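Okay, structure first, notes after.
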Amino acid sequence: MTAVVVVIFTVSGGELSVLLIERSGDPYRGSWALPGGLLHGGESLKEAAVRKLADETGVSDVFLEQLYTFDCIPSSDATVVVSYFALVDSRRARLRTELEWQPAWHVLRTLPHLGFDNERIIDYASERLRAKLEYTNVAYSLLPERFTLSDLQGVYEAILGEAMDKRNFRRRVVGLGVVRETGQLQKRGAHRPAMLYEFTSREPMVL
5 MTAVVVVIFT VSGGELSVLL IERSGDPYRG SWALPGGLLH GGESLKEAAV RKLADETGVS
65 DVFLEQLYTF DCIPSSDATV VVSYFALVDS RRARLRTELE WQPAWHVLRT LPHLGFDNER
125 IIDYASERLR AKLEYTNVAY SLLPERFTLS DLQGVYEAIL GEAMDKRNFR RRVVGLGVVR
185 ETGQLQKRGA HRPAMLYEFT SREPMVL
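As numbered in this note's numbering, residues 5 to 211 make up the sequence shown, in order.
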């Protein structure tokens, strides 16, 4: 049998986080795991991923990309698991709170014990995300419609796990033509107002 899982990332508080659910049943009762499950009859892989993500977390309307197919461990009902990868701005993700299992964001660098050997899937997905950041506009999924260049740099730093030079970063992203000024300013505290930017396209694009 085939199962699907969804690795969905967000950036919040300067940290890259992944969405997990706390399992209420066996196996791995009480452990955290990626949202997912077995396919229904006549259902495509992507349809199953969309369904399980919405049913188990409440998250919908996100761009899903097929990631990789993994062999399942013996304790699973499935023989293979097809993983999907997604990004979302946590400010617009409304998690379901009435469920028997509880979905929650977990900081990637301090993950709890996971069921179903999900660590290797998350590791693979995080490597894919870091790679895609270099040659696509994937960061658009993690930000609101309008943002400052400091906001964008914070997303890059959270994903890459390292600080970046402010001047070089701004020169690079503006030079690539993936963002443009909106003509509007944002004032934060006593600091000088910052220009708001927007992506030139909010569709997946190779740079």
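Beta carbons are placed, not taken as given, at the ideal position from N, Cα and C, and that holds for glycine. Bear in mind that the values here come from a model prediction, so they are computed numbers and not experimental data.
* Asked: What are the complete alpha helix (DSSP H) segments, minimum 4 residues, inside the region 78-140?
  -> 122-139
* **Nearest neighbour of Y32, chosen from L211, L133, N122 and L156 [CA to CA]** => As a working note, residue 32 is residue 28 in the sequence shown. Among L211, L133, N122 and L156, the Cα nearest to that of Y32 belongs to N122.
* **Residue interval of the alpha helix (DSSP H) (run including Y160)** => The count along the sequence shown starts at 1 and reaches residue 160 at position 156. Taken as a continuous stretch (DSSP letters only), the alpha helix (DSSP H) holding Y160 covers L153 to L164.
* Would you call the region 183-203 and the region 158-172 touching, i.e. three or more CB-CB distances under 8 Å? -> no
* To do: Take the Cβ of T61 as the centre, count every other Cβ of all protein chains shown within 10 Å, and call the residue buried at 16 or more, exposed below.
  => Residue 61 sits at position 57 when you count from the first residue of the sequence shown. Result: buried.
* To do: Drop a sphere of 10 angstroms on the beta-carbon of G165, count the other beta-carbons inside from all chains shown, and report buried for 16 or more, exposed for fewer.
  => What you label residue 165 is simply residue 161 of the sequence shown in a count that begins at 1. Under this definition G165 is an exposed residue.
* contact_flag[the region 46-53, the region 121-141] where n(CB pairs < 8 Å) is 3 or more -> no
* When you compare each of F13, A82 and R150 to E131 by their alpha carbons, which one comes out closest? -> What you label residue 131 is simply residue 127 of the sequence shown in a count that begins at 1. Nearest C-alpha to E131: F13.
* How many Å lie between R196 and L118 at the Cα? -> Within the sequence shown, numbered from 1, the residue matching residue 196 stands at position 192. Within the sequence shown, numbered from 1, the residue matching residue 118 stands at position 114. R196 and L118: Cα-Cα distance of roughly 44 Å.
* Asked: Where Y72 and V9 are concerned, what is the direct C-alpha to C-alpha distance, given to the nearest angstrom?
  -> Position 68 of the sequence shown, counted from the start, is the residue given in the question as residue 72. Position 5 of the sequence shown, counted from the start, is the residue given in the question as residue 9. Taking the straight line joining both Cα atoms gives about 10 Å.
* **Reference E104, options V85, A90 and S28, closest by Cα** => In the sequence shown, the residue the question calls residue 104 occupies position 100. The candidate whose alpha carbon is nearest that of E104 is S28.
* Asked: Taking just the CA atoms, how far does S21 sit from L112?
  -> Sequence index remark: in the sequence shown, residue 112 carries index 108 (1-based). Sequence index remark: in the sequence shown, residue 21 carries index 17 (1-based). Approximately 5 Å, taken between the alpha carbons.
* **Beta carbon of T152 nearer than 8 Å to that of M209** => Indexing the sequence shown from 1 puts residue 152 at position 148. Indexing the sequence shown from 1 puts residue 209 at position 205. No, Cβ-Cβ distance for T152 and M209 is not below 8 Å.
* Asked: Looking at H110 and L24, is the spacing between their C-beta atoms short of 8 Å?
  -> As a first step, residue 24 must be located in the sequence shown, where it is residue number 20. As a first step, residue 110 must be located in the sequence shown, where it is residue number 106. Yes, they are a contact pair.
* Residue from C76, L147 and E102 whose Cα sits closest to the Cα of R206 -> Position 202 of the sequence shown, counting from 1, holds the residue named residue 206. That would be L147, whose Cα lies nearest to the Cα of R206.
* How about L42 and V11: do their beta carbons lie closer than 8 Å? -> By one-based count along the sequence shown, residue 42 stands at place 38. By one-based count along the sequence shown, residue 11 stands at place 7. Not in contact: L42 and V11 (Cβ atoms no closer than 8 Å).
* In terms of residue numbering, what span does the beta strand (DSSP E) encompassing V210 cover? -> Your numbering for residue 210 matches position 206 in the sequence shown. Careful: V210 lies outside any beta strand (DSSP E) and carries neither H nor E.
* Asked: Any idea what DSSP makes of S145, helix, strand or coil?
  -> As a working note, residue 145 is residue 141 in the sequence shown. Here S145 sits in helix by DSSP.
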